[in-house]
Amino acid sequence: MRLNVLSEQLPLVVHIIYRLGVGGLENGLVNLINRMPKDTYRHAVICLTDSTDFSKRIRRPGVAIYEIHKKPGQDGESFVKVYKLLKQLKPAVVHTRNLAAIEYQLCAFLAGVPLRVQGEHGWDVYDPEGNNVKYRWLRYLMGLIIHCFIPLSQQLQDYLQAKVGIPAKKITRICNGVDTERFYPREGSRPVPEQCPLDLDHKLLIGTVGRMHGVKDQLTLVKAYIMACQESAGFAAKARLALIGDGPLRELAINLLEKHDLIDHAWLPGECHNIDQIMRSFDIFVLPSKAEGISNTILEAMATGLPVIATRVGGNPELVIHEKTGLLVEKENVSAMAEALRTMVADDSRRQQFAEAALRRIQQEFSLDSMVARYRAVYDRH
């Protein structure tokens, strides 16, 4: 779509990400592009691999999306492609996100991009606790040419300073905001998604959303649900489970549920795009991750007015206040997760109190407009 002359004169921010698909990092990028005032910056997205239909969530006109189709592993040609593209686009800002994209700051440096920004949304799936020395050195070396690191959580900020050695003056922590126009509590009776086969009358739906791969650890939730059903007939009669997302753990989860004759208690539809509508069908949200930055899905669940059970990792304790907006449990602890599930399902009053407190916390502290304003302040340094 042709932009008018005035908008073409606005400085350009090029966002470099691994892939534009369903995910918290990508959701935050889309929110930022859609909500940043149109008279401030133009935007383009470079996908190192490819993009999906998720790109249709970018409502702002004129946002170009480029696919590099990077080969697995080291791919020198991809650096040449990104360098040439940056020389052509002449952006004022290049904003890379996470370890998968940080090396492409070298392309931005060689292309003479005035401001180079790196977002730290959470650790790599192969390094869920940030202990890999090679990855620390990579961040440190790239930090010599990066002007600003943006960690989403206090834990990531501490990691960059204490373990990587990034100077405090180069770090600006910006917590995610949540789109409360899209994520809001249900009113009246439960809206059951059309594709959901479960009978939810007089039932409680426990749900999670996320890519089903190792670091998200949905199998701990599945095992905890099975344990809770085995230990409490009342829980088994009342609680149902929804696992929204696709990935290698999905088939394993299905097999576990089938093995324990609980597959008819669960819904595993794979990847879905109507997450806001699906969340309004949940009664409890669970995030069983082994590692997190600041979880968009927790923020979205809280904005939907849901009590949250989450693992005590990464930025989760910055979002979920234990015994006030939800419950925190140790990662990979099946019995603790099962106990939290039983506790939440059994106590309607407590669940409602957590839900109301979670919604208030979102309204008071996690405004999307505030997030956008802070990113704009960083970009204005160019």
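The sequence shown: position 43 = 743 (the working numbering), numbered continuously.
All C-beta atoms in this analysis are idealised placements derived from N, C-alpha and C, irrespective of residue type, glycine included.
Just so you know, these numbers come straight off a predicted model, no measurement behind them.
* Inter-residue spacing [alpha-carbon to alpha-carbon] between residue 884 and residue 1025 -> Each residue's alpha carbon lies about 16 Å from the other.
* Residues near residue 730 by beta carbon distance below 6 Å, same chain, minus five either side -> So the qualifying residues of the chain are 757, 758.
* Asked: Apart from the five residues on each side of it in sequence, which residues of its chain come closer than 8 Å, Cβ to Cβ, to residue 903?
  -> Cβ neighbours of residue 903 within its own chain (closer than 8 Å, five residues either side excluded): 938, 939, 940.
* To do: Would you list, in sequence order, the uninterrupted alpha helix (DSSP H) runs of no fewer than 4 residues that lie entirely inside the stretch 917 to 973?
  => Contiguous alpha helix (DSSP H) elements confined to the stretch 917 to 973 occur at 918 to 931, 933 to 938, 948 to 959, taking only those with 4 or more residues.
* Asked: Closest to residue 1027 by CA distance: which of 971, 999, 1014, 1044 is it?
  -> Closest option to residue 1027, judged by alpha-carbon separation, among 971, 999, 1014, 1044: 1044.
* To do: Taking the CB atoms as reference points, tell me whether residue 1011 and residue 979 lie closer together than 8 Å.
  => The beta carbons of residue 1011 and residue 979 sit no closer together than 8 Å.
* Would you say the stretch 854 to 867 touches the stretch 829 to 844, given that touching needs at least three Cβ pairs under 8 Å? -> Verdict: yes, contact present.
* Verify whether the separation of the beta carbon atoms of residue 1006 and residue 995 is less than 8 Å. => Not a contact, by the Cβ cut-off of 8 Å.
* Top-ranked residue by Cα proximity to residue 1019, from 964, 1047, 897, 993 -> Of the candidates 964, 1047, 897, 993, 993 places its Cα closest to the Cα of residue 1019.
* Asked: Bridge partners of residue 764, per DSSP?
  -> Among the bridge pairs identified by DSSP, residue 764 is matched with 744.
* How do the stretch 880 to 898 and the stretch 966 to 979 stand: do at least 3 beta-carbon pairs fall below 8 Å, yes or no? -> The stretch 880 to 898, when compared against the stretch 966 to 979, does touch it at the 8 Å Cβ threshold.
* Residues near residue 1070 in its chain [Cβ-Cβ closer than 8 Å; skip 5 each side] -> Only 877 meet the Cβ criterion.
* Asked: How about the stretch 792 to 810 and the stretch 1048 to 1065: do they share at least three Cβ pairs that are nearer than 8 Å?
  -> They do not touch, by the three-pair rule.
* Asked: What are the boundary residues of the alpha helix (DSSP H) that residue 733 is part of?
  -> Where residue 733 is concerned, the enclosing alpha helix (DSSP H) stretches over 724 to 735.
* Report yes if the CB atom of residue 794 is closer than 8 Å to the CB atom of residue 813, and no otherwise. => Yes, Cβ-Cβ distance for residue 794 and residue 813 is below 8 Å.
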